[in-house]
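Let me begin by presenting the structure, written as structure tokens, before commenting on it.
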Amino acid sequence: MQMTMTVQRNFVCACIGDLHGWLLQERSGTVGKILNAFDTTINIRTKEDELLVITLGKVRSPANLNVTASNTIDGFKGIIREDEKAFIQDENRDKQPSATLLVGDANIAIGDCNRFRNYFSSLDPDAIQTFASNSYGIFSELESLGQANKFGCLLNPDMTTRGLFAGFIDQLISDCTIKDQQEFDSRISKGLKHLCGVGPGFTPAGDDFIAGYLAMRNSLGNAMKLGDAIIPGNDFSVLTTWTSFKLIEYSARNLLDDQAQHMINSIAHNNLEAYIESVRLISKRGHTSGLDFATGVTVVLFTIADRVFKTSVLPSLVYTLET
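At position 189 of the sequence shown (counting the first as 1) the number is 188 in numbering that gives the first Met the number 0, and the numbers step up by one without a gap.
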């Protein structure tokens, strides 16, 4: 019988997200279990019940471990098996400043790497009104991107997402008359829950919209006096996959990748052009995930404009959808 040779592939950590900085001090033991394995990405559920994303991509995030390949061009293809354990091996920690993360047949050297943590700028008080006054152009850009091979997103729905966006906006317009912020937040949470787990993609379109909505809403919470952050709980987690829920949770906690962080900071800086460029860039992510995230962020801007500055942006969106 011919034996199958196992080929070890070596990788080096280039950047580690702040959420997983503990790995740099870990000496040995189990890190977690592999949930999903793709050619360029591995999702791990850690022993801390957090999501660790090992990726060959360049986008940095508090949840990511960005790696480069030192002896392969094939990435993780064929060497990672779901449900396997990931381990830290560190036999000579006192002699060298690095350890090895063992994931399937991948050996990842971690130690002397960059650390990514979020930084959010203070909001320019005039920014919300600036974006509200340019709402038609912003929403037209989103719609245009939605029609460009993004079938299934909330702005170009398929049978799973049809009517979701219009229904949410209709309810939002009605709820905007509620003066009590806690009651309004409760209504918003209920509306977002109807979107959870709905739509195509590894992370459903509805989940990506929720992630964008909560990221923007909570990042502006203090500046706009919106009260406590809205952090989704078990009532959301039971509606979607564990991985997708963790991404929603991280967005709500403002643990965002660098592209999403740049998008939100462009609003804080009152830079409309930079925001549009961020929308275009992030919309390239996944099948619909980036665009739905950007749509959620944008809807929060318009919601705050209508509630705080008494504009009528949301009703104009409904008119645009109907024409």
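All residues carry an ideal CB built from backbone N, CA and C; glycine is no exception.
- Taking 8 Å as the cut-off, the beta carbon of GLY28 is found no closer than this to the beta carbon of ALA85.
- For ILE230, no beta strand (DSSP E) run applies, since DSSP gives it neither H nor E.
- The beta carbon of LEU300 sits closer than 6 Å to the beta carbons of PHE130 from its chain, once the five residues preceding and following it are set aside; these are given in chain order.
- Residue environment analysis places GLN260 among the buried positions, since at least 16 neighbouring C-beta atoms fall within 10 angstroms of its C-beta.
- Inclusion of ALA13 and ASN106 in the CB contact set at 8 Å is not warranted, their separation being larger than that value.
- Distance from the CA atom of GLY211 to the CA atom of ALA293, rounded to whole angstroms, is 6 Å.
- With respect to the C-alpha of GLN170, the residue from SER185, LEU246, GLU49 having the closest C-alpha is SER185.
- Burial check for MET158: the Cβ neighbour count within 10 Å stays below 16, so the residue is exposed.
- Just so you know, the alpha carbons of LYS76 and ILE43 end up roughly 16 Å apart.
- Your pair ASP207 and THR287 checks out as a contact, with CB atoms roughly 7 Å apart and the cut at 8 Å.
- Here DSSP, grouped into helix, strand and coil, assigns LYS84 to strand.
- For ASN155, the closest of ASN269, LEU280, ALA204 by C-alpha to C-alpha distance is ALA204.
- Residue pairing by DSSP puts THR45 in a beta bridge opposite GLY31.
- The segment 114 to 122 and the segment 45 to 53 do not touch, with fewer than 3 CB-CB distances between them shorter than 8 Å.
- With a cut-off of 8 Å on Cβ pairs, the segment 253 to 268 is in contact with the segment 56 to 73, counting three or more such pairs.
- Each residue's CA atom was taken as its position, placing GLN146 and THR67 some 35 Å apart.
- Residue environment: PRO231 is assigned as buried (16 or more neighbouring CB atoms within 10 Å of its CB, all protein chains considered).
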